[in-house]
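So the sequence shown is numbered by my numbering: it starts at 8 and just counts up by one. Glycine residues also receive a C-beta, built at the ideal position from the N, C-alpha and C atoms. Worksheet: one structure, shown below.
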Amino acid sequence: MTATARETRPEGNGGVRALVDYGPLALFFAANFLVPAEVARRIVAHVTPMLSTLKQVEALLLARVILATAVFVLASGVALVIARVKLGRVPPMLLISAGLVIVFGGLTMYFRDPRFIQMKPTIVYALLAAVLGFGLATGRPLLQQLMESSYPGLRESGWRRLTLNWVWFFAIMAILNEAVWRGAAVAVGPQRGWDLWAIYKVWVVIPATMLFAIANVPMLMRHGLVLGDETPPIPPEG
Numbered sequence: 008m009t010a011t012a013r014e015t016r017p018e019g020n021g022g023v024r025a026l027v028d029y030g031p032l033a034l035f036f037a038a039n040f041l042v043p044a045e046v047a048r049r050i051v052a053h054v055t056p057m058l059s060t061l062k063q064v065e066a067l068l069l070a071r072v073i074l075a076t077a078v079f080v081l082a083s084g085v086a087l088v089i090a091r092v093k094l095g096r097v098p099p100m101l102l103i104s105a106g107l108v109i110v111f112g113g114l115t116m117y118f119r120d121p122r123f124i125q126m127k128p129t130i131v132y133a134l135l136a137a138v139l140g141f142g143l144a145t146g147r148p149l150l151q152q153l154m155e156s157s158y159p160g161l162r163e164s165g166w167r168r169l170t171l172n173w174v175w176f177f178a179i180m181a182i183l184n185e186a187v188w189r190g191a192a193v194a195v196g197p198q199r200g201w202d203l204w205a206i207y208k209v210w211v212v213i214p215a216t217m218l219f220a221i222a223n224v225p226m227l228m229r230h231g232l233v234l235g236d237e238t239p240p241i242p243p244e245g
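Okay, structure coming up:
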C-alpha cells in the first residue's frame with residue numbers, strides 16, 4: 008500500500024467503525040436468539056458428540072452457547088480483517104477486545120463452559136480501567152496517545168478528565184458484568200441466566216456506553232474540543 012493510499016483511506020468512516028465494533032456482538036445475539044435450539048443442537052452435535060450424553064435441557068443450552076460463541080469468535084476475526092482493509096489499521100481497543108473474544112470464546116467451546124465468554128467483558132473492562140488509571144497516575148496520557156486525532160483541540164485538562172471518567176466507567180461495567188451473569192444464573196437458572204446476560208450485553212451495555220460517551224461531550228467542549236463532521240468515537244463494548 009502506498010503512502011498516498013494510506014492518506015486517502017477513510018479512516019474516520021463511522022459506518023465501518025460501528026460495523027467492526029458492534030457487528031460481532033449483534034451476530035452473537037442473533038445466533039443465540041434466532042437459531043432454534045434444536046437446530047443449534049443438531050449443528051453442534053456434528054462436532055460435539057458429547058451432547059448425546061447430556062440431558063435434553065442441558066444439551067440444548069450448551070448447543071446454543073457453543074453456536075453463538077463460535078459465531079462471535081468468527082465475526083470478531085472478520086472484524087479485525089475489515090478494520091485492517093477498510094481503515095488501514097486495527098484500532099488498539101478493537102484488537103484487545105477481539106483478541107480476548109477469540110481466546111475466551113475458544114476456551115468456552117473447548118471446555119463447553121459458558122463462564123469463560125461471560126467473564127471476558129469483566130477482564131476487558133478491568134484491563135482498560137487499570138491501564139488508563141496507571142497512565143493517569145504516572146503522568147502518561149495513554150488515552151491521548153491512542154485517540155488524540157479524534158479529539159482535536161482538547162487540552163491536557165480535558166484529557167485528564169476524560170481519562171478519569173472512562174476509568175470509573177470501565178470499573179463499574181466490570182463489576183456490573185460479574186453481577187449480571189453470576190446473579191442471573193443463581194436467580195433464574197443457567198439457561199435463562201445465559202439469555203438475560205446476552206440481552207444485557209446488547210440492550211444495556213451498548214446504549215449505556217454510547218450515552219456515556221455523548222454525556223462527556225459538553226465537558227470536552229469546555230476543555231477545548233472542536234467538533235467537526237463527526238462526533239468523537241465511542242470505545243467498543245467489552
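A straight-line Cα-Cα distance of about 20 angstroms links L218 and N20.
Going by DSSP, T129 is part of the alpha helix (DSSP H) stretching over 122–144. Rounded to whole angstroms, the separation of the alpha carbons of V85 and A44 is 25 angstroms. Comparing alpha carbon positions, the residue from R96, G22, D120 closest to A70 is D120.
In this structure, the straight-line span from the alpha carbon of H230 to that of Q152 is close to 17 angstroms. The residue from V51, N184, G22, L232 with its alpha-carbon nearest to that of F123 is N184. For L32 and V51, the gap between their C-alpha atoms comes out near 20 angstroms.
Rounded to whole angstroms, the gap between the alpha carbons of L227 and V212 is 22 angstroms. In this structure V108 touches F79 by the C-beta definition: roughly 6 angstroms separates them, less than 8 angstroms. Of V195, L102, I179, A37, the smallest CA-CA separation from V209 is found for A37. The three-state reading of DSSP puts R162 in coil, since its state is none of H, G, I, E or B. Counting C-beta atoms within 10 angstroms of its own C-beta, A186 has fewer than 16 neighbours from the protein chains shown and is therefore classed as exposed. Within its own chain, the residues whose Cβ lies closer than 7 angstroms to the Cβ of R91, once the five positions on either side in sequence are excluded, are V97, listed in chain order.
Judged by DSSP in its simplified three-state form, P197 adopts helix. Residue environment: F176 is assigned as buried (16 or more neighbouring CB atoms within 10 Å of its CB, all protein chains considered). Taking C-beta separations shorter than 6 angstroms and ignoring five residues to either side along the sequence, the partners of K127 in its chain run L107, F111, following chain order.
Distance from the CA of L234 to the CA of Y158, rounded to the nearest whole angstrom, comes to 8 angstroms.
The beta carbon of A205 sits closer than 8 angstroms to the beta carbons of F35, F36, N39, F40, A75 from its chain, once the five residues preceding and following it are set aside; these are given in chain order. By the neighbour-count criterion, in which a residue is buried when 16 or more other Cβ atoms sit within 10 angstroms of its Cβ, I221 is exposed.
Measuring C-alpha to C-alpha distances from V72 to each of L102, S164, T115 identifies T115 as the nearest. Excluding five sequence positions before and after L101, the CB atoms of its chain that fall closer than 8 angstroms to its own CB belong to V27, D28, A86, L87, A90, P243, given in chain order. Residue nearest to P99 within the set Q125, R24, L203, L161 is R24 (criterion: CA-CA distance). Note that the C-beta distance between L232 and L161 is below 7 angstroms.
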